[in-house]
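Encoded as structure tokens, the structure appears first; notes follow it.
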């Protein structure tokens with residue numbers, strides 16, 4: 079959450095976690111000073127949460143983010159999320175090794191059901207899976223190298239696996255040993271060689287373009303996330319007129335959905351998150 083405005087938006091996300099969660103929550107926030115200040119003022123209002131809540135703030139300096147991207151050597155972005163947005167590729171490095179798995183949620187997202195249901199998805203993933211995020215395989219955007227076929231707004235990240243496989247490259251790694259990072263080969267397979275300045279300038283959608291290269295190159299590390307956990311305004315016509323109409327029949331709902339054919343899941347009427355109970 080970079081800026082006070084982002085924190086004001088993110089505070090609503092935190093509120094939905096507190097409202098709906100049926101378990102203790104550990105919340106890790108990567109932010110700047112202005113965002114931390116606002117969020118602490120909101121969190122101070124929480125006196126008696128139903129379940130225990132712990133919050134950590136991580137505040138990389140602008141220079142440290144620039145330095146990490148420079149050590150990686152090839153990535154850049156023209157996305158509106160800017161340099162902080164690229165840090166989504168380095169969450170496994172920013173959070174300490176004691177944090178082995180994490181749900182990543184974009185600042186402008188909201189939970190409308192129990193976040194523990196999303197956490198439980200970790201238990202159903204294949205042993206090799208390190209990344210789960212929404213998949214929209216029908217999307218056709220050659221100008222983005224089809225990066226809209228995933229959405230990095232909501233991700234399940236096995237941080238321990240990402241650390242062990244050395245997800246992102248670094249000059250320090252290259253100088254001290256010959257263990258290759260995962261990402262460079264994936265970037266090369268998707269986008270070719272970097273330009274003369276050593277940077278890719280044909281990657282769109284910010285971090286999502288790089289995540290797309292990684293998961294498309296290493297399908298064994300990736301599983302699609304159920305649409306129950308990702309209703310995105312970018313693809314609102316996925317759900318079309320049936321969204322929110324509790325009286326819509328299943329047959330009518332499916333007839334209106336235009337992005338769900340041959341995809342991992344169809345969305346049932348009136349359902350955005352699953353509504354089964356959590357023990």
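Residue numbers (my numbering): 79 to 357. Backbone N, C-alpha and C define an ideal beta-carbon position, used for all residues, glycine too.
Assigned secondary structure, residue i (DSSP; H/G/I helix, E/B strand, else coil)
{"i": "residue 80", "result": "coil"}
{"i": "residue 199", "result": "helix"}
{"i": "residue 226", "result": "helix"}
{"i": "residue 106", "result": "strand"}
{"i": "residue 111", "result": "helix"}
{"i": "residue 85", "result": "helix"}
{"i": "residue 278", "result": "coil"}
{"i": "residue 180", "result": "strand"}
{"i": "residue 357", "result": "The pLDDT assigned to residue 357 is 34, lower than 50, so where the model puts this residue is not dependable, and the model offers no usable value."}
{"i": "residue 350", "result": "Because residue 350 carries a pLDDT of 41, less than 50, the predicted location of this residue cannot be relied on, and no value is offered for it."}
{"i": "residue 127", "result": "coil"}
{"i": "residue 99", "result": "coil"}
{"i": "residue 306", "result": "helix"}
{"i": "residue 235", "result": "strand"}
{"i": "residue 244", "result": "coil"}
Contact belief for residue i with residue j at Cβ below 8 Å, rounded distance in angstroms
{"i": "residue 269", "j": "residue 291", "result": "7 Å"}
{"i": "residue 173", "j": "residue 106", "result": "6 Å"}
{"i": "residue 137", "j": "residue 110", "result": "6 Å"}
{"i": "residue 204", "j": "residue 301", "result": "7 Å"}
Delimiting residues of the beta strand (DSSP E) encompassing residue i
{"i": "residue 147", "result": "That residue, residue 147, is in no beta strand (DSSP E); its alpha helix (DSSP H) goes 140-150."}
{"i": "residue 293", "result": "From DSSP, residue 293 is part of no beta strand (DSSP E) but of the alpha helix (DSSP H) over 285-295."}
{"i": "residue 302", "result": "300-303"}
{"i": "residue 172", "result": "First-last for residue 172: 169-172, but that is the alpha helix (DSSP H), not the beta strand (DSSP E)."}
{"i": "residue 210", "result": "209-213"}
Own chain, CB closer than 6 Å to residue i, minus 5 neighbours either side, in chain order
{"i": "residue 208", "result": "236, 239, 240, 299"}
{"i": "residue 185", "result": "79, 84, 87, 88"}
{"i": "residue 202", "result": "none"}
{"i": "residue 118", "result": "none"}
{"i": "residue 260", "result": "243, 245"}
{"i": "residue 265", "result": "291"}
{"i": "residue 131", "result": "103"}
{"i": "residue 123", "result": "none"}
Cβ shell of residue i (< 8 Å), same chain only, five flanking positions each side left out
{"i": "residue 129", "result": "99, 100, 101, 102, 103"}
{"i": "residue 147", "result": "153, 154, 161, 164"}
Cβ-Cβ distance between residue i and residue j below 7 Å
{"i": "residue 228", "j": "residue 213", "result": "yes"}
{"i": "residue 95", "j": "residue 193", "result": "yes"}
{"i": "residue 232", "j": "residue 183", "result": "yes"}
{"i": "residue 285", "j": "residue 262", "result": "no"}
{"i": "residue 169", "j": "residue 234", "result": "no"}
{"i": "residue 225", "j": "residue 283", "result": "yes"}
{"i": "residue 297", "j": "residue 149", "result": "no"}
{"i": "residue 230", "j": "residue 289", "result": "yes"}
{"i": "residue 179", "j": "residue 200", "result": "yes"}
{"i": "residue 210", "j": "residue 91", "result": "no"}
{"i": "residue 295", "j": "residue 267", "result": "yes"}
{"i": "residue 281", "j": "residue 287", "result": "yes"}
Residue interval of the alpha helix (DSSP H) (run including residue i)
{"i": "residue 262", "result": "261-269"}
{"i": "residue 250", "result": "249-254"}
{"i": "residue 164", "result": "160-164"}
Residue i beta carbon near the ligand MG (any heavy atom closer than 6 Å)
{"i": "residue 97", "result": "Looking at this structure, you won't find the ligand MG or any other ligand, since it has none at all."}
Same chain, Cβ closer than 7 Å to residue i, neighbours up to 5 away in sequence not counted
{"i": "residue 258", "result": "none"}
{"i": "residue 82", "result": "112, 113, 116"}
{"i": "residue 217", "result": "224, 226, 227"}
{"i": "residue 97", "result": "none"}
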